[in-house]
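One structure below.
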Amino acid sequence: MSALQLCYLLAVAITSVTAALPSFVPACKKDDPKLDECFLNTINTIQPQMKKGIPELKIPTMEPLELSKVNVPQFLEEFIHLELENLKIHGAGDFKLINVHVDLKDNEFSGELEIPHLEFGADYNLALEVSNLTVKGKGDIKGTATDCKGNFVLKGELKERNGEKHFHFNQLNVIIRVDKIHATLNGLIKGDVLMGDKHQHGAADMDLWLLLRPTIQDTIAEVAKDIVNGIAEVIVVDELFP
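Under mature numbering (1 follows the signal peptide of the UniProt record, and there is no 0), the letters of the sequence shown match residues -19 to -1, 1 to 223, in that order.
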(Lines of atoms letter the chains of each structure in order from A and count residues from 1; the text may use other names and numbers.)
(Lines give C-alpha, C1' and ligand atoms only; values in the text may rest on other atoms or scores of the structure.)
Protein backbone atom coordinates (compact mmCIF):
# COMPACT_ATOMS: atom_id res chain seq x y z
CA MET A 1 0.00 0.00 0.00
CA SER A 2 2.67 2.52 0.87
CA ALA A 3 4.26 1.18 -2.23
CA LEU A 4 1.90 3.41 -4.15
CA GLN A 5 3.26 6.51 -2.60
CA LEU A 6 6.24 5.83 -4.68
CA CYS A 7 4.29 5.78 -7.96
CA TYR A 8 3.44 9.48 -7.73
CA LEU A 9 6.35 10.79 -5.87
CA LEU A 10 8.15 9.56 -8.99
CA ALA A 11 5.67 10.87 -11.48
CA VAL A 12 6.15 14.38 -10.23
CA ALA A 13 9.85 14.25 -9.54
CA ILE A 14 10.25 13.21 -13.12
CA THR A 15 7.89 15.75 -14.56
CA SER A 16 9.68 18.39 -12.60
CA VAL A 17 12.79 17.84 -14.66
CA THR A 18 10.88 20.37 -16.66
CA ALA A 19 12.83 22.98 -14.85
CA ALA A 20 16.43 21.82 -14.34
CA LEU A 21 19.04 21.65 -17.08
CA PRO A 22 22.42 20.10 -16.31
CA SER A 23 24.46 19.07 -19.35
CA PHE A 24 23.05 15.54 -19.34
CA VAL A 25 19.43 16.73 -19.66
CA PRO A 26 18.28 17.23 -23.29
CA ALA A 27 16.41 20.47 -23.94
CA CYS A 28 13.18 20.65 -25.97
CA LYS A 29 12.31 23.53 -28.29
CA LYS A 30 9.02 25.00 -27.16
CA ASP A 31 7.71 25.24 -30.73
CA ASP A 32 8.57 21.61 -31.54
CA PRO A 33 5.42 19.95 -32.97
CA LYS A 34 6.57 16.79 -31.20
CA LEU A 35 7.18 18.49 -27.86
CA ASP A 36 5.52 15.71 -25.86
CA GLU A 37 7.73 13.11 -27.53
CA CYS A 38 10.83 15.21 -26.93
CA PHE A 39 10.06 15.67 -23.25
CA LEU A 40 9.34 11.97 -22.86
CA ASN A 41 12.81 11.33 -24.28
CA THR A 42 14.28 13.82 -21.80
CA ILE A 43 12.76 11.90 -18.93
CA ASN A 44 13.84 8.52 -20.31
CA THR A 45 17.38 9.85 -20.65
CA ILE A 46 17.73 10.53 -16.93
CA GLN A 47 15.67 7.53 -15.76
CA PRO A 48 18.69 5.23 -15.20
CA GLN A 49 20.12 7.75 -12.70
CA MET A 50 16.97 7.98 -10.65
CA LYS A 51 17.78 5.04 -8.38
CA LYS A 52 20.78 6.76 -6.81
CA GLY A 53 19.23 10.23 -7.01
CA ILE A 54 20.26 13.31 -8.97
CA PRO A 55 21.56 16.08 -6.68
CA GLU A 56 21.72 18.58 -9.54
CA LEU A 57 17.95 18.21 -9.95
CA LYS A 58 17.28 17.81 -6.23
CA ILE A 59 15.80 14.38 -6.92
CA PRO A 60 16.25 12.17 -3.83
CA THR A 61 17.59 8.63 -3.79
CA MET A 62 14.93 6.18 -4.91
CA GLU A 63 16.49 2.96 -3.61
CA PRO A 64 15.08 2.67 -1.12
CA LEU A 65 12.52 5.42 -1.14
CA GLU A 66 11.81 6.39 2.47
CA LEU A 67 8.56 8.08 3.47
CA SER A 68 7.41 9.14 6.89
CA LYS A 69 3.76 8.49 7.68
CA VAL A 70 0.37 7.59 6.21
CA ASN A 71 -2.90 7.79 8.14
CA VAL A 72 -6.39 6.49 7.44
CA PRO A 73 -8.73 9.24 6.08
CA GLN A 74 -10.11 11.63 8.71
CA PHE A 75 -13.73 10.79 7.98
CA LEU A 76 -13.07 7.26 9.30
CA GLU A 77 -11.17 8.30 12.43
CA GLU A 78 -14.29 7.97 14.59
CA PHE A 79 -14.16 4.22 14.00
CA ILE A 80 -10.61 3.35 13.07
CA HIS A 81 -7.15 4.80 13.51
CA LEU A 82 -4.55 3.23 11.26
CA GLU A 83 -1.09 4.70 10.94
CA LEU A 84 1.89 3.53 8.90
CA GLU A 85 5.36 4.81 9.78
CA ASN A 86 8.94 4.31 8.58
CA LEU A 87 7.91 3.32 5.07
CA LYS A 88 10.72 1.91 2.94
CA ILE A 89 10.00 1.14 -0.70
CA HIS A 90 12.20 -0.71 -3.18
CA GLY A 91 11.64 -0.71 -6.94
CA ALA A 92 10.81 2.93 -7.49
CA GLY A 93 13.75 3.39 -9.82
CA ASP A 94 12.27 0.90 -12.27
CA PHE A 95 9.44 3.24 -13.23
CA LYS A 96 8.38 3.76 -16.82
CA LEU A 97 6.71 6.93 -18.00
CA ILE A 98 4.18 5.77 -20.58
CA ASN A 99 3.18 9.17 -21.91
CA VAL A 100 3.39 12.85 -21.02
CA HIS A 101 1.70 15.99 -22.30
CA VAL A 102 3.32 19.42 -22.02
CA ASP A 103 1.09 22.51 -22.14
CA LEU A 104 3.38 25.52 -21.91
CA LYS A 105 0.53 27.95 -22.55
CA ASP A 106 -1.25 26.94 -19.34
CA ASN A 107 1.91 25.74 -17.50
CA GLU A 108 0.43 22.28 -17.13
CA PHE A 109 2.02 18.82 -17.30
CA SER A 110 0.11 15.56 -17.33
CA GLY A 111 0.92 11.94 -17.96
CA GLU A 112 0.74 8.29 -17.06
CA LEU A 113 3.34 6.26 -15.20
CA GLU A 114 3.76 2.60 -14.29
CA ILE A 115 6.02 0.59 -11.99
CA PRO A 116 5.95 -3.19 -12.50
CA HIS A 117 6.98 -4.36 -9.02
CA LEU A 118 7.52 -2.80 -5.60
CA GLU A 119 8.59 -4.19 -2.24
CA PHE A 120 7.73 -2.27 0.91
CA GLY A 121 7.96 -2.43 4.68
CA ALA A 122 6.55 -0.29 7.48
CA ASP A 123 5.43 -0.20 11.11
CA TYR A 124 1.68 -0.01 11.72
CA ASN A 125 -0.39 1.22 14.66
CA LEU A 126 -4.06 0.23 14.75
CA ALA A 127 -6.98 1.24 16.97
CA LEU A 128 -10.45 -0.01 16.03
CA GLU A 129 -13.75 0.67 17.79
CA VAL A 130 -16.96 -0.85 16.43
CA SER A 131 -20.01 -1.28 18.69
CA ASN A 132 -18.67 -2.95 21.85
CA LEU A 133 -15.48 -4.15 20.18
CA THR A 134 -12.22 -2.33 20.85
CA VAL A 135 -8.97 -3.51 19.30
CA LYS A 136 -5.60 -1.81 19.73
CA GLY A 137 -2.13 -2.88 18.78
CA LYS A 138 0.89 -2.44 16.57
CA GLY A 139 3.34 -4.43 14.52
CA ASP A 140 5.12 -4.48 11.20
CA ILE A 141 4.01 -5.04 7.65
CA LYS A 142 5.98 -6.24 4.63
CA GLY A 143 4.76 -6.86 1.15
CA THR A 144 4.81 -6.41 -2.58
CA ALA A 145 2.74 -4.42 -5.05
CA THR A 146 2.47 -5.35 -8.71
CA ASP A 147 1.41 -3.37 -11.76
CA CYS A 148 1.30 0.06 -10.14
CA LYS A 149 -0.14 2.67 -12.48
CA GLY A 150 -1.20 6.25 -12.10
CA ASN A 151 -2.19 9.46 -13.80
CA PHE A 152 -1.07 12.92 -12.75
CA VAL A 153 -1.90 16.51 -13.63
CA LEU A 154 0.50 19.21 -12.47
CA LYS A 155 -0.67 22.83 -12.73
CA GLY A 156 1.32 25.97 -12.11
CA GLU A 157 2.37 29.44 -13.19
CA LEU A 158 5.46 31.35 -14.24
CA LYS A 159 7.32 33.55 -11.79
CA GLU A 160 10.19 35.85 -12.60
CA ARG A 161 13.28 35.98 -10.40
CA ASN A 162 16.43 37.92 -11.23
CA GLY A 163 15.13 38.43 -14.74
CA GLU A 164 14.61 34.71 -15.34
CA LYS A 165 11.39 32.71 -15.54
CA HIS A 166 10.77 29.77 -13.22
CA PHE A 167 7.82 27.45 -12.80
CA HIS A 168 5.88 27.47 -9.55
CA PHE A 169 3.30 24.70 -9.17
CA ASN A 170 0.16 25.24 -7.12
CA GLN A 171 -1.76 22.03 -7.71
CA LEU A 172 -1.04 18.36 -8.27
CA ASN A 173 -3.78 15.79 -8.77
CA VAL A 174 -2.97 12.08 -8.80
CA ILE A 175 -5.02 8.93 -9.31
CA ILE A 176 -3.43 5.61 -8.36
CA ARG A 177 -4.27 2.08 -9.45
CA VAL A 178 -2.62 -1.12 -8.24
CA ASP A 179 -3.62 -4.52 -9.56
CA LYS A 180 -2.54 -6.48 -6.50
CA ILE A 181 -0.89 -5.92 -3.13
CA HIS A 182 0.29 -8.91 -1.09
CA ALA A 183 1.18 -8.03 2.48
CA THR A 184 2.28 -9.99 5.53
CA LEU A 185 1.39 -8.45 8.89
CA ASN A 186 2.96 -9.30 12.24
CA GLY A 187 1.92 -8.19 15.70
CA LEU A 188 -1.74 -7.58 16.47
CA ILE A 189 -2.78 -8.87 13.05
CA LYS A 190 -1.07 -11.99 11.71
CA GLY A 191 -1.07 -13.60 8.30
CA ASP A 192 -1.29 -12.66 4.66
CA VAL A 193 -3.56 -9.99 3.25
CA LEU A 194 -4.43 -9.49 -0.42
CA MET A 195 -5.40 -6.00 -1.54
CA GLY A 196 -5.60 -3.93 -4.68
CA ASP A 197 -7.93 -2.61 -7.35
CA LYS A 198 -8.29 -6.00 -9.06
CA HIS A 199 -8.48 -8.10 -5.90
CA GLN A 200 -11.93 -9.65 -5.53
CA HIS A 201 -12.60 -9.36 -1.80
CA GLY A 202 -15.63 -10.46 0.13
CA ALA A 203 -17.58 -8.54 2.75
CA ALA A 204 -15.46 -10.03 5.53
CA ASP A 205 -12.18 -9.01 3.92
CA MET A 206 -10.24 -6.08 5.32
CA ASP A 207 -8.97 -4.30 2.23
CA LEU A 208 -6.63 -1.74 3.74
CA TRP A 209 -5.83 -0.39 0.29
CA LEU A 210 -9.37 0.88 -0.17
CA LEU A 211 -9.12 2.67 3.18
CA LEU A 212 -5.70 4.13 2.59
CA ARG A 213 -5.82 5.05 -1.09
CA PRO A 214 -7.40 8.53 -0.66
CA THR A 215 -4.82 9.53 1.93
CA ILE A 216 -1.97 7.98 -0.03
CA GLN A 217 -2.95 10.00 -3.08
CA ASP A 218 -3.14 13.22 -1.06
CA THR A 219 0.19 12.50 0.65
CA ILE A 220 1.88 11.78 -2.65
CA ALA A 221 0.53 14.98 -4.14
CA GLU A 222 1.84 17.15 -1.30
CA VAL A 223 5.27 15.52 -1.09
CA ALA A 224 5.75 15.48 -4.86
CA LYS A 225 4.60 19.08 -5.28
CA ASP A 226 7.16 20.24 -2.72
CA ILE A 227 9.90 18.35 -4.58
CA VAL A 228 8.85 19.82 -7.92
CA ASN A 229 8.83 23.37 -6.60
CA GLY A 230 12.25 22.87 -5.05
CA ILE A 231 13.57 21.82 -8.44
CA ALA A 232 11.77 24.64 -10.21
CA GLU A 233 13.51 27.20 -8.01
CA VAL A 234 16.88 26.38 -9.56
CA ILE A 235 15.77 25.77 -13.14
CA VAL A 236 15.28 28.42 -15.78
CA VAL A 237 12.29 27.63 -18.00
CA ASP A 238 13.89 29.05 -21.15
CA GLU A 239 16.87 26.73 -20.75
CA LEU A 240 14.75 23.60 -20.88
CA PHE A 241 12.29 24.95 -23.44
CA PRO A 242 14.34 27.37 -25.59
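Backbone N, C-alpha and C define an ideal beta-carbon position, used for all residues, glycine too.
Treat the numbers as computed from the prediction; the structure is a model and nothing was measured.
| said: At the level of alpha carbons, what is the spacing between Thr115 and Leu63? | reply: 13 Å
| said: Just to confirm, is the Cβ distance from Asn106 to Lys119 under 7 Å? | reply: yes
| In this structure, does DSSP put Thr23 in helix, strand or coil? | Helix, per DSSP.
| query | Just to confirm, are Ala103 and Leu46 a CB contact at a threshold of 7 Å? | reply | no
| message | Assuming the contact rule is C-beta atoms closer than 8 Å, Pro7 and Glu37 should be a hit. Round their C-beta distance to whole Å, please. | response | Not quite, the Cβ-Cβ distance comes to about 14 Å (not below 8 Å), so this is no contact.
| request: Mind checking who Lys161 pairs with in its DSSP beta bridge? | output: Answer is Thr127, bridged to Lys161.
| Whose CA, out of Val51, Gly137 and Phe222, lies closest to the CA of Ile197? | Val51
| said: Quick check on the DSSP output: the alpha helix (DSSP H) that includes Leu221 runs from which residue to which? | reply: Val218 to Leu221
| request: Pick out whichever of Ile96, Cys9 and Thr200 has its Cα sitting closest to the Cα of Cys19. | output: Cys9
| message | Only counting the same chain, and skipping five residues up and downstream in sequence, which positions put a Cβ closer than 7 Å to that of Lys140? | response | His147 and His149
| Cβ-based neighbour list, Asn80, same chain, cut-off 8 Å, excluding 5 preceding and 5 following | Once the five neighbours on either side are set aside, the close Cβ partners of Asn80 are Asp17, Leu21, Gly92 and Glu93.
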